[in-house]
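Following our numbering, the numbering of the sequence shown begins with 2 at its first residue and continues without gaps.
First comes the structure, then the notes that go with it.
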Amino acid sequence: MSIAEIERKSNLGNGTIRRWADSIPSADKLYRVSKVLGVSIEYLLSGEEPIENEKSKLIARKASSLSAEQLDAVLNMIDVFKNK
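As structure tokens, then:
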């Protein structure tokens, strides 16, 4: 995806992202770009996703195919770990 396309999809003006090399973007603009790219604002700023975030996403992806009963069991297990 080109920078121009990211700007269009983020509802940013032409050349906005290029100007970030010389100025600090607003949180709102970073948020819009992060949603278009499917990454966190932290990733845009640092180039790295937080480890907890990656692990949480992995768990959520794997859990999406479980039955309601299986999900309840997983939630119970999480509660047990949190109370230790």
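We put the CB at the ideal spot given by N, CA and C, even for glycine.
Does the stretch 58 to 67 come within contact of the stretch 42 to 49, defined as at least 3 CB pairs closer than 8 Å?
no
Since I believe I4 is in contact with R20 (beta carbons under 8 Å), could you give me their beta-carbon distance rounded to a whole number of angstroms?
Wrong, their Cβ atoms sit about 11 Å apart, outside the cutoff.
Quick check for students: name the residue ranges of the alpha helix (DSSP H) that lie wholly in the stretch 22 to 69, counting only runs of 4 or more.
Within the stretch 22 to 69, the complete alpha helix (DSSP H) runs of at least 4 residues are 28 to 38, 42 to 47, 52 to 64.
Terminal residues of the alpha helix (DSSP H) in which K10 lies:
4 to 10
Can V37 and S66 be called in contact, C-beta distance under 8 Å?
no
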